[in-house]
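Chains as they are written, first to last, in our numbering: chain V, 3 to 336; chain W, 3 to 336; chain A, 3 to 336. Ideal Cβ placement from N, Cα and C applies to all residues, glycine included. Each remark here refers to the structure printed beneath this line.
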């Protein structure tokens, strides 16, 4: 493992991540990626520690990724699924978290449909003076930091497999396309990409682009954005000369809320296809956090084309990045 | 581990537990509590053994506690949840248990909404002459022995952290408050507290106090109770000079069955508050098996006050006590 | 472990299994059965490898059996249950499999209600050139190879515990009774039993016997069957002098589809009882893949009689056979 300083106890949001912190995650994940290429993909780092996956919102992909990351660090894992839980018995979320704390949990990985729940739990743990770490695995429409970090790792290791660092993205043009309004993935990605010095172009239909969020950014946080964020109501200006295209999952529920005319029309206007990619830099790569609605956010053949698609690499990166996060916040305990 | 004799193969009920058995559990759990304070909280005691959690009734708290206890003893665990099982396919419960037996399960931890199921499975295992142990994790309104044992451990280790024993409670006054009629926790607690020589005071509204249970105890089992059990329809005489107050979970379903006028009225009459605690011994502590309905069985601020509340300690004790039970019934196998 | 050649990368169907392959499975499973009789029932064979149980159809028995087999080989396991998954989010099954591939899964154990899904996933993995193995844990009404292999192992180890081999069954008469039309277990069993040289007699009510399947067999595949398969609309000719009787689970849903008059009538005509067994060879044994509808496919007392019933042995064999399959397809990886 790289010798680095890391003082962060929880990972809730990327809003205040420093370049040094991003680079620590990237370099630690690169070390674990190397472990994962061995025949025995396991290290004893977190032996005897307990990682509890508290998923108050159903998930397969992210839960399995965290579970596997924890197991490869030799931690014991506990899975909590809201559907079979005492949540139906009237217990509060904080009380559930405190129960897992009292059982001896060292790290809580938390997903909840309401923004702010992981932060509330982290604050409660700090207030209690206990050395339990909280990892936000997605909270409402707020943030999904491990997803943005694995996206960053996927891109940076494409450039330099062994020595990824955030400075590599300075001046790159990155398009984020789709339902930005409802996307916690986009919110986390914006923080990391702005921090990297990239030019970030958001493209979405008017009903799915958060005007208030944009206004908030432009008014109060202009120093952070540093002229790096651009908003588009059409796809083409965002794709023009882009180095990377991040597509976002379209929740089909949006249709019923009348935010979209039809999936077909959405695909015609904002779906990524081979043809539309011709606007981009010739080495352009496409990302998607998954699960993908084939033929909606991205054409089916493009998704499967390893020349353009980084989707499988993202999943693989996910395990290494989550191992890095668990390692960084978990191994400081004594 | 303390060198003790332990001949019990299953733990179904505390009705016939001897003081020596209680003390063996308490002292073994104290040893494991010490293990749990180390950085690596794992021992190889049950390596290669299989603990199957057969939860025919949904549970998070108790299932996670047993799962973690088993993992910290290095056992392999299998989780069975009724909802995703072949129970819907018409298999009998005994057949399900025999299937897990045939797979090589060493210890079955069983929860079922019907009283008697863990005992029926234990008897079937004995009839078959196999060395599988059964732990009752809660059966209907019958018993929940591991909960009562962890309550006992929580109280005794408060008095002497390293050398807990049941004789410590002789002469103590302990109030059990709430829905005693439907509570398997109360039934198990009554057995252990009577065995300890404590004075046990039950307080509940008339609709939630089991008259038949009381009559049964007074008529047929007076030798066991030894003048130690007292019944109250009001809270105050139970709290007067009490050393410990055990509150019970109120199932909200009781409302719909017209056993209670309202939660607000229940809280006014039987909810534990700071003010009502002034009736008790000044060192009084409050327990609750969880999950708590804040502001119903106990006021929210009292629940969070470490001066009075043992609720978090109970959860922590649960892992150590369940490790002790798994160890005691599991390590005799060869 | 026996030193054998094994070139099969996936186990999807028994249709093309060679006698040498059957014997490799049988002998490897016998070695693991011996491991399972030790106190520590674990071997480090698959340490650091990941076995993902992708059960798109609910299951307890088969999923637990595979999970335990994997854990006893020291693999890490991931459980995927369709009900709590992103399947509801519109992802395709192939994409789900590719996600688990990208996470680093070494072996996928797959159950799906549609025939052909495990094969489609295996073909996709081969097309991608990755060294991931697929085990079919039951696909629609197609096949359930691990069940047929454990049935074979149960029968052969009854004859010779240490050196089971498929040639032992040459000339034996084996009846398969019940809902053959809908049974993937029967389809897999027919392949293994025909390969063994046994005489296979199918008995079912006309509505539950696959005429098309029979016609298909008789017309196109007569070379494989080699005069070894016999069809009966009544039970008695199948039982006459039989050495083994394989009963099949009756899905109660068949009643609602008007394929059966009543469970009582089904039991009278095709249920296996002590009395009907008198038609068989005096050493006859009865098998059932479970879960059993007691008093429907088989009388309750017969099911529990160890003189006749192999049902518990089948479950025990299941773990050893699945360890063998995971070992054979998993340990070739480097």
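If residue 93(A) and residue 79(A) are in contact, beta carbons under 8 Å, what's the gap, nearest whole angstrom?
For the purposes of this step, residue 93(A) is identified with residue 91 of the third chain, where counting begins at 1. For the purposes of this step, residue 79(A) is identified with residue 77 of the third chain, where counting begins at 1. Not really, about 22 Å apart at Cβ, beyond 8 Å.
For residue 49(V), which residues in chain W fall below 8 Å Cβ to Cβ?
Residue mapping note: residue 49(V) aligns to position 47 of the first chain, counting from 1. What residue 49(V) touches in chain W: 42 and 44.
Any Cβ of chain W within less than 7 Å of the Cβ of residue 314(A)?
Position 312 of the third chain holds residue 314(A). By this cut-off, residue 314(A) is an interface position.
Below 8 Å on the Cβ atoms is my guess for residue 250(A) versus residue 187(A); work out the distance and round it to an integer in Å.
Translated into the one-based positions of the third chain, residue 250(A) becomes position 248. Translated into the one-based positions of the third chain, residue 187(A) becomes position 185. Going by Cβ atoms, the distance from residue 250(A) to residue 187(A) rounds to 6 Å, so yes, they are a contact pair.
Grouping DSSP H, G and I as helix and E and B as strand, with all else coil, what is residue 182(W)?
As a first step, residue 182(W) is located in the second chain; it is residue number 180 there, counting from the start. Coil at residue 182(W), not helix or strand.
Quick one: Cα of residue 324(V) to Cα of residue 66(V), how far?
Counting from 1 along the first chain, the entry for residue 324(V) is found at position 322. Counting from 1 along the first chain, the entry for residue 66(V) is found at position 64. In a straight line, the C-alpha of residue 324(V) is about 11 Å away from that of residue 66(V).
Do the region 95-104 of chain W and the region 115-132 of chain W make contact, defined as three or more Cβ pairs closer than 8 Å?
yes
May I have the straight-line CA-CA distance separating residue 90(W) from residue 146(A), to the nearest angstrom?
As a working note, residue 90(W) is residue 88 in the second chain. As a working note, residue 146(A) is residue 144 in the third chain. Since pLDDT at residue 90(W) reaches only 49, below the 50 mark, its modelled position is unreliable, and the value read off the structure follows with that caveat. Residue 90(W) and residue 146(A): Cα-Cα distance of roughly 21 Å.
Is the CB of residue 80(A) under 7 Å away from at least one CB in chain V?
To locate residue 80(A), count along the third chain from 1; it is residue 78. Interface residue, yes.
Check the Cβ-Cβ distances between residue 106(A) and every residue of chain V, and say whether any is below 7 Å.
Here the question's residue 106(A) lines up with position 104 in the third chain. Yes, its Cβ sits closer than 7 Å to a Cβ of chain V.
Give me, in chain order, the residues of the same chain whose beta-carbon lies closer than 6 Å to that of residue 170(V); leave out the 5 immediate sequence neighbours on both sides.
The residue given as residue 170(V) occupies position 168 in the first chain. Around residue 170(V): 158 and 161.
Residues in the region 59-77 of chain V having any Cβ partner in chain A nearer than 7 Å
60, 62, 63, 66, 67, 69, 70 and 73
Is it true that the CB of residue 16(V) sits closer than 7 Å to the CB of residue 301(V)?
To locate residue 301(V), count along the first chain from 1; it is residue 299. To locate residue 16(V), count along the first chain from 1; it is residue 14. Not closer than 7 Å, so no.
Distance cutoff 7 Å, beta carbons only. Does residue 249(V) sit that close to anything in chain A?
Reading the first chain from its first residue, position 247 is the one you call residue 249(V). Not closer than 7 Å to any Cβ of chain A, the Cβ of residue 249(V) fails to qualify, so no.
Can you give, in chain order, each stretch of the beta strand (DSSP E) that sits fully within the region 36-96 of chain A and has at least 3 residues?
52-57 and 78-83
Closer than 7 Å between beta carbons: that is the criterion. Which residues of the region 276-305 of chain V meet it against chain A?
292, 293, 294, 295 and 296
At least one CB of chain W closer than 7 Å to the CB of residue 318(A): is that the case?
What you label residue 318(A) is simply residue 316 of the third chain in a count that begins at 1. Residue 318(A) counts as touching chain W.
Just confirm the distance between the C-beta atoms of residue 53(V) and residue 132(V), as a whole number of angstroms; I'd bet it's less than 8 Å.
Against the first chain, residue 53(V) aligns to sequence position 51. Against the first chain, residue 132(V) aligns to sequence position 130. That pair is no contact at about 15 Å.
Which residue wins for smallest C-alpha separation from residue 23(W), given the options 247(W), 7(W) and 166(W)?
Residue 23(W) sits at position 21 when you count from the first residue of the second chain. The shortest Cα separation from residue 23(W) among 247(W), 7(W) and 166(W) belongs to 7(W).
With a CB to CB cut of under 7 Å and the five nearest residues on each side skipped, what residues in its chain are close to residue 167(A)?
Within the third chain, residue 167(A) is the residue found at index 165, counting from 1. 25, 28 and 158, listed in sequence order.
Burial state of residue 130(V) (16 or more Cβ within 10 Å):
One-based indexing of the first chain puts residue 130(V) at position 128. Residue 130(V) is exposed by the Cβ-count criterion.
Closer than 7 Å, CB to CB, is residue 321(V) near chain A or not?
Mapped onto the first chain, residue 321(V) falls at position 319. It does; some Cβ of chain A falls within 7 Å.
Could you tell me the distance, in whole angstroms, from the CA atom of residue 2(V) to the CA atom of residue 11(A)?
Residue 2(V) lies beyond the stretch modelled for chain V, which goes from 3 to 336, so this question has no answer here.
Name the one or two DSSP bridge partners that residue 113(V) has.
Mapped onto the first chain, residue 113(V) falls at position 111. DSSP lists 57(V) as partners of residue 113(V).
Once you ignore the five residues that flank residue 340(V) on each side, which residues in its own chain have a CB closer than 7 Å to its CB?
The requested residue 340(V) is not part of the displayed model; chain V covers only 3 to 336.
Tell me the rounded alpha-carbon separation between residue 253(V) and residue 330(V).
As a first step, residue 253(V) is located in the first chain; it is residue number 251 there, counting from the start. As a first step, residue 330(V) is located in the first chain; it is residue number 328 there, counting from the start. Their Cα atoms are separated by approximately 33 Å.
Identify, in the order they occur along the chain, each residue of the same chain with its Cβ nearer than 7 Å to the Cβ of residue 117(V), setting aside the five sequence neighbours on each side.
The residue you call residue 117(V) lines up with position 115 of the first chain. Taken in chain order, the residues that qualify are 141, 142, 143 and 144.
Distance, residue 316(W) Cα to residue 291(W) Cα:
Against the second chain, residue 291(W) aligns to sequence position 289. Against the second chain, residue 316(W) aligns to sequence position 314. Those two C-alpha atoms are separated by around 8 Å.
Chain-ordered neighbours of residue 53(W) on chain A, where CB pairs are closer than 7 Å:
Start at 1 with the first residue of the second chain, and residue 53(W) comes out as number 51. Those within 7 Å of residue 53(W) in chain A number zero; the least Cβ separation is about 11 Å.
Would you mind sorting residue 39(A) into buried or exposed? The rule is 16 or more other CB atoms within 10 Å of its CB.
Against the third chain, residue 39(A) aligns to sequence position 37. Exposed, since its Cβ has fewer than 16 Cβ neighbours within 10 Å.
CB contact flag (residue 71(V), residue 288(V), <7 Å):
Residue 71(V) sits at position 69 when you count from the first residue of the first chain. Residue 288(V) sits at position 286 when you count from the first residue of the first chain. Cβ distance not < 7 Å, so residue 71(V) and residue 288(V) don't count as in contact.
Range covered by the beta strand (DSSP E) that runs through residue 325(V):
For the purposes of this step, residue 325(V) is taken as residue 323 along the first chain, with counting starting at 1. No beta strand (DSSP E) holds residue 325(V); the alpha helix (DSSP H) holding it covers 313-332.
What is the rounded straight-line gap between the Cα of residue 211(W) and the Cα of residue 239(W)?
Position 209 of the second chain, counted from the start, is the residue given in the question as residue 211(W). Position 237 of the second chain, counted from the start, is the residue given in the question as residue 239(W). The straight-line gap from Cα to Cα measures roughly 15 Å.
Under 9 Å Cβ-Cβ, which residues of chain W neighbour residue 38(A)?
Mapped onto the third chain, residue 38(A) falls at position 36. The contacting residues are 106.
Please tell me whether residue 230(A) and residue 196(A) are closer than 7 Å, where the distance is taken between their beta carbons.
One-based indexing of the third chain puts residue 230(A) at position 228. One-based indexing of the third chain puts residue 196(A) at position 194. Taking 7 Å as the Cβ cut-off, residue 230(A) and residue 196(A) qualify as a contacting pair.
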